[in-house]
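Just so it is clear: in the sequence shown, position 195 is 228 by our numbering, and no numbers are missing. For glycine and all other residues, C-beta sits at the position ideal for the given N, C-alpha and C. Since we're looking at a predicted model, the values are computed, not measured.
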Amino acid sequence: SEMVKQGIQVHRNTNGVAKIEIEATTGKKMVTLQNGDTIYGVDTVLMAAGRVPNTEKLNLNSLGVALTPKGGFIQVDDYQTTSVSNIFALGDVCGTVELTPMAIAAGRRLADRLFASVADAKVSYENVPTVVFSHPTIGTCGMTEPQAAAKYGADNIKVYKSKFVNLFYGIFSMESPDKPQTLMKIITAGVEEKVVGMHVIGMGADEMMQGFGVAMKMGATKADLDSCIAIHPTAAEEFVTMGVWGQSPQETGAKVSPLMGAPTGEPTLKSKM
């Protein structure tokens, strides 16, 4: 809806493009959609059709490297090893988490294992923070609500939601319902309310998700989020004040608990001061 407010016309339920033709009189493009609709007077058509792994011409079958039945991705184990023990693969060609930083992390861990004698080095594909750079931006980390319900059972999850107008738009001369909205969701599981999913759509989602991704990788609970003092005025503060504040079970996922005003843990020093 925010894109529509900005003047972008969205054609829904088209099932894709059927054909593109040049209009004889104007020289512009005429786009015919699979549902029969036609869009006239188009200057440029950008086809964002996705991609498939470029494995067909590698002749991997002759080496015994197994591919997935659907998609032709290279099958690997947790250590990026293919079905041939001395052949490794990582990145988009494996079809797990198709992001450049994910491939870099996997490559670093593989290099540690192969060349630095770190026998158990491997990358984790869980709780990877990702962003869709749309307008507004969308940030997500961890499970969706249906995924959490399927894994833990609907009775074992608790969901927190919030919808508000970012204070950036507070001085704009327009009615509140017409201002861009921010939506947030926190998904928790278990009696300790461990955070298993965080999602946000709205201004600044791309920047705030990186930090909260660290918290999730460290096993944060809802109480851990509540224990963090809000930065005001920001949108991110909603993640640490959401719901009935302070009513979550006082359980922490941290090595050193931040709950109930506990002191910050001290580092282990190599030598005494």
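Name the DSSP beta bridge partners of residue i, please?
i, result
"T173", "T163, H232"
"T215", "F197"
"A222", "I190, K227"
"V64", "I53, I72"
"I107", "L100"
"T114", "F121"
"T59", "In the DSSP output, where bridge partners are listed per residue, T59 has none listed."
In the DSSP assignment, find the beta strand (DSSP E) that holds residue i and state where it starts and stops.
i, result
"T71", "71 to 75"
"V50", "50 to 55"
Please list the terminal residues of the continuous alpha helix (DSSP H) segment that includes residue i.
i, result
"I41", "Here I41 belongs to no alpha helix (DSSP H), and DSSP marks it neither H nor E."
"K184", "178 to 185"
"Q243", "238 to 250"
"S260", "255 to 260"
When burial is assigned at 16 or more other CB atoms within 10 Å of the CB, is residue i buried or exposed?
i, result
"I204", "exposed"
"P86", "buried"
"Y158", "exposed"
"V37", "exposed"
"K227", "buried"
"I53", "exposed"
"N160", "buried"
"S260", "buried"
"T133", "exposed"
"M236", "buried"
"K255", "buried"
"K218", "buried"
"G124", "buried"
"Q113", "buried"
"M207", "exposed"
"I190", "buried"
"F148", "exposed"
Closest to residue i by C-alpha separation, out of the options, would be which residue?
i, options, result
"E99", "V117, K303, G124, T173", "Per the sequence shown, the amino acid found at residue 99 is Ala instead of Glu. Per the Cα distances, V117."
"M249", "S95, M176, K38, I107", "M176"
"V229", "C174, A81, I55", "C174"
"K212", "D70, P169, P134", "P169"
"N68", "V78, K61, R84, V50", "V50"
"M251", "G237, A287, C127", "A287"
"A122", "L79, T133, V165, A139", "A139"
"E224", "Q280, P291, R146, S34", "The sequence given here places Val at residue 224; Glu does not occur at that position. Cα-wise, what sits closest to V224 is Q280."
"Q39", "V277, S167, P102", "S167"
"K194", "Y202, A57, E178, I264", "E178"
"R141", "A154, V198, D76, G276", "A154"
"M80", "G74, V64, E89, N92", "V64"
"F245", "E271, H265, A136, P266", "E271"
"T59", "D257, L66, Y73, N48", "Y73"
Complete alpha helix (DSSP H) runs within the segment 117 to 155 (minimum length 4 residues, chain order): Listed in chain order, the complete alpha helix (DSSP H) runs (minimum 4 residues) inside the segment 117 to 155 are 133 to 148.
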